[in-house]
Amino acid sequence: GSGLEIDGDACFDRHFKLAVALSGAGEGDATWLCSGVERKASLARRRDIDALDEAGHPLKDATFVIVDLETTGGRTADSGITEIGAVKVRGGQTIGEFRTFVNPGMPIPPFITVLTGITEMDVVHAPSTGEAISSFLEFSGFENNEAPILVAHNAGFDVSFLKQACEQNGYHWPRPMILDKIGRAHV
Numbered sequence: 007g008s009g010l011e012i013d014g015d016a017c018f019d020r021h022f023k024l025a026v027a028l029s030g031a032g033e034g035d036a037t038w039l040c041s042g043v044e045r046k047a048s049l050a051r052r053r054d055i056d057a058l059d060e061a062g063h064p065l066k067d068a069t070f071v072i073v074d075l076e077t078t079g080g081r082t083a084d085s086g087i088t089e090i091g092a093v094k095v096r097g098g099q100t101i102g103e104f105r106t107f108v109n110p111g112m113p114i115p116p117f118i119t120v121l122t123g124i125t126e127m128d129v130v131h132a133p134s135t136g137e138a139i140s141s142f143l144e145f146s147g148f149e150n151n152e153a154p155i156l157v158a159h160n161a162g163f164d165v166s167f168l169k170q171a172c173e174q175n176g177y178h179w180p181r182p183m184i185l186d187k188i189g190r191a192h193v
């Protein structure tokens, strides 16, 4: 085998660590584990935290939706979502968890299966992209005027796939405030 150990709860573990650190307005490193792949990245820099406070979003009062996607490839033009994992956090407390495999409607390349541990068998009976994005939007609270802050590692990648899924399935992308673990806070 590939030597990868797949732990579905690992996504939630790493999301919780990040959310608690952010809610406590701390700095540091977070280890992200999802589908057996470990990534390390710096949490928000102090200036990113200050920018959120100045924008009227004190971190202790903010709701965060920390999201991670797995996909069939690196470009939205020829790839699809295979998994969405998210945790909703407010005041350092988990208030919701979301995880679903997604049937991307296309084959999963073998190298992606090795990288993520996600197989065709995992997604064959999974919700379609449209069903999964609808459930994610409902979970996130973007459409319910909750105005959560979306947090992701390399947010541009995940957001591009989320936007595409919305566009292709007739949903409006809510344009949340986004905090990128490797970038800066932006709207």
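First residue of the sequence shown? That's 7 in this note's numbering, and the numbers climb one at a time after it.
Even glycine gets a Cβ: it sits at the ideal position worked out from N, Cα and C.
Here Pro113 has Thr78, Glu126 as same chain residues with Cβ atoms under 8 Å from its own Cβ, once five neighbours each way along the sequence are excluded. Counting every other CB atom within 10 Å of its CB across the protein chains shown gives Asn150 a total below 16, marking it as exposed. Distance from the Cα of Ser85 is smallest, within the candidate group Asn109, Gln99, Lys94, Leu185, for Asn109. Take the alpha-carbon of Ala68 and the one of His131: they are about 36 Å apart.
In this structure, Ala161 is the residue among Tyr177, Asn175, His178, Ala161 with its C-alpha nearest to the C-alpha of Leu185. Pro154 sits buried, since 16 or more C-beta atoms from the chains shown fall within 10 Å of its C-beta.
Annotation for Val129: the continuous alpha helix (DSSP H) segment containing it runs 126 to 129. Burial check for Phe117: the Cβ neighbour count within 10 Å stays below 16, so the residue is exposed. If only uninterrupted beta strand (DSSP E) runs of at least 3 residues are considered, those enclosed by the segment 72 to 124 are 87 to 96, 99 to 107.
Just measuring C-alpha positions, the residue of Leu65, Arg105, Val95 sitting nearest Leu75 is Arg105. Between the alpha carbons of Lys187 and Leu121 lies a distance of about 21 Å. Secondary-structure assignment with DSSP links Leu156 through a beta bridge to Val71, Ile184. Between Gln174 and the set Gly111, Met183, Ile90, Gly102, the nearest pair of CA atoms involves Gly111. Less than 8 Å divides the Cβ of Val157 from the Cβ of Val71.
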